[in-house]
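Protein chains in written order, with the working numbering: chain A, 53 to 258; chain B, 53 to 258.
Note that beta-carbon positions come from the ideal geometry of N, C-alpha and C, so glycine has one too.
Written below as structure tokens is the structure these notes are about.
Protein chains: 2
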Amino acid sequence: MPPTDTTTMEKILDAARKLFVQQGFAATTTRDIAKEAGINLALVNYYYGSKQNLFKTIMVEHMKGFMKGLSVGINDPSRGLEEKFAFMADSYISMLLVQPDVPLFLLRSLREEPDVLFRDVGIGPILTDSLLMKEIDAALKAQGRSLISPLQIFINLMGLCVFPFIARPILQMASGIDDDQYTTMMNERRSLIAKWMMAMITTEQR
Amino acid sequence: MPPTDTTTMEKILDAARKLFVQQGFAATTTRDIAKEAGINLALVNYYYGSKQNLFKTIMVEHMKGFMKGLSVGINDPSRGLEEKFAFMADSYISMLLVQPDVPLFLLRSLREEPDVLFRDVGIGPILTDSLLMKEIDAALKAQGRSLISPLQIFINLMGLCVFPFIARPILQMASGIDDDQYTTMMNERRSLIAKWMMAMITTEQR
DNA sequence: GTCTATATACGGATAGAC
DNA sequence: GTCTATCCGTATATAGAC
């Protein structure tokens, strides 16, 4: 995206983002970051104080981006339930094809520093009163399946989108398919997921 | 599980397993391991040569355990398709409730050292000729949905089982539910997943 | 703002006594 | 087999010159 970087601060941030997301906090050194950014080692601390602080900056940035996108998707009044599923799946898959390492980075980071979630990102239970959850709930009730929590369905949506990217190495090995075939499959999921979601909701209770 | 450890080698292995799985390779020090095991620092290298080698031992151990369980599940001739789904989901969820950090550990490790997969574990495309894949394929064809790869369905199965554990922190935050409620939900999934899987397969093509 | 040089600490690994 | 002591490389961070 940035062919010619602008300021030194941004060079550092770009390098740090790339390395932290790929390797995590402990495996990334400030020397790696300085080299990747093409700047002097001392400048990392000059601009960002500490490695910890630089990491937190990257983490909060990604976390906020995710929450923002999610918030828009689950509260879009212009789309019905299936359209919401389709739009969200398509959006996530587009993002994941470009940045496949981000989910693992976020999930890993949240285990190491769960406090960041509500301290620096200010995350609350944004799902609870969302339009999407209301619509899922209504659809379930229409099928007489009110015993199932709408959250179960939401978890499925996220899992169907994200998991194939997180688990790509092992899934590709176990199935013996190559990179191109896998990417093709991910693109097919753009439209499949919404249909699967509706099938899970509308299947009759047994 | 082990209230009284036996040999020094096992003490080290148990400590290393716990810490590596929780924190990953880079964030875990040999000193941490020695302290956790209650043994002398020098003994780590005495028994396992290097931190790298100890880590690989743990990684291969978990990887083989996973592959073994998977191999059994997908080739069980005594169960039909829906029963396979139900059995596999139930097995995975039981394991994940006890060891929720293992999937993230494996997926992370495989990114860092993908070679270990076929070098030390000897993993091939075990899915390709499995009974489960044949059955999924047959079920899809029976619905006139031969355009969908059975692998897509398998990915869904794994995602529905594993993802809620990997993403637990963020999902719990976003929904505002507590630990007990979340565990209850995971237990409900034991029986839900197989039904969802069948719904995804048997829903009519549109 | 950017560089060199360095303080300070920590981590992996081993030598050698017991 | 287990311990103490230590070597040696590397990492974060900063002081101070330019």
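Going by beta carbons, B:Val214 and A:Phe215 fall inside the 8 Å limit.
8 Å or more divides the Cβ of B:Met111 from the Cβ of B:Val150. Between B:Phe206 and B:Met185, the C-beta spacing is below 8 Å. Between B:Ser227 and A:Leu179, the C-beta gap is smaller than 8 Å, which places the two residues in contact. The beta carbon of B:Gln204 falls within 8 Å of a beta carbon belonging to chain A, placing the residue at that interface. Under the three-state reduction of DSSP output, B:Thr254 falls in the helix class. Taking each of A:Met210, A:Val73, A:Gly117, A:Asn105 in turn and checking the Cα distance to A:Gly174, the smallest one comes out for A:Gly117. At a cut-off of 8 Å, the C-beta of A:Thr255 has a neighbouring C-beta in chain B.
Counting the other Cβ atoms within 10 Å of the Cβ of A:Ser161 gives 16 or more, which makes it buried. Residues of chain B whose Cβ lies closer than 8 Å to the Cβ of A:Asn105 do not exist; the shortest such Cβ separation is about 18 Å. When DSSP states are grouped into helix, strand and coil, A:Phe77 belongs to the coil group. The residue among B:Arg163, B:Leu156, B:Ser182 with its C-alpha nearest the C-alpha of B:Pro221 is B:Leu156. For B:Val96, the enclosing alpha helix (DSSP H) starts and ends at 93 to 100. Annotation: the stretch 101 to 135 of chain A contains the following complete segments of the alpha helix (DSSP H) (minimum length 4 residues), in chain order: 103 to 126. Nearest in C-alpha terms to A:Leu192, of all of A:Trp248, A:Thr254, A:Lys87, is A:Thr254. A contact is defined here as three or more CB-CB pairs under 8 Å, and the stretch 98 to 108 of chain B meets this definition with respect to the stretch 63 to 74 of chain B.
Cβ-Cβ separation between A:Met249 and A:Phe137: approximately 5 Å, consistent with a contact (criterion under 8 Å). Nearest neighbour of B:Lys247 by Cα position, chosen from B:Glu134, B:Ile64, B:Met147, turns out to be B:Glu134. Measuring C-alpha to C-alpha distances from A:Asp153 to each of A:Ala78, A:Lys63, A:Ile64, A:Phe217 identifies A:Phe217 as the nearest.
When DSSP states are grouped into helix, strand and coil, B:Glu165 belongs to the coil group. Residue environment for A:Arg241: buried (at least 16 other C-beta atoms within 10 angstroms of its C-beta). With a cutoff of 8 Å on beta-carbon distance, B:Thr60 and B:Tyr99 are scored as near each other. Contact between A:Ser182 and A:Ile91 is ruled out by a C-beta separation of about 43 Å, above the 8 Å threshold.
Apart from the 5 residues on each side of it in sequence, A:Leu203 sits with its Cβ closer than 8 Å to the Cβ of Leu179, Met185 in its chain, given in chain order.
Any Cβ of chain B closer than 8 Å to the Cβ of A:Leu209 would place that residue at the interface, and such an atom is absent.
Annotation: Cβ neighbours of B:Arg241 in chain A (cutoff 8 Å, chain order): Gln204. For B:Ser227, the secondary structure class from DSSP, reduced to helix, strand or coil, is helix. Around B:Asp142, the same chain offers Arg242 as residues with beta carbons nearer than 6 Å, after the five sequence neighbours per side are excluded.
For A:Ala190, same chain residues with a beta-carbon under 6 Å away, outside a window of 5 residues either side, do not exist. Neighbours of B:Ser198 in chain A, taken as residues whose beta carbon is under 9 Å from its own, are absent, since the nearest beta carbon is some 13 Å off.
Only buried fits B:Glu187, as 16 or more other CB atoms lie within 10 angstroms of its CB.
At least one C-beta of chain A is nearer than 8 Å to the C-beta of B:Ile175.
By alpha-carbon distance to A:Lys63, the top candidate from A:Ala79, A:Gln74, A:Ala86 is A:Ala86. A:Thr59 carries a coil assignment under DSSP once its states are collapsed to helix, strand and coil. For A:Ser102, the nearest beta carbon of chain B is not closer than 8 Å to its own beta carbon. When secondary structure is reduced to three states using DSSP, B:Leu192 falls in the helix class.
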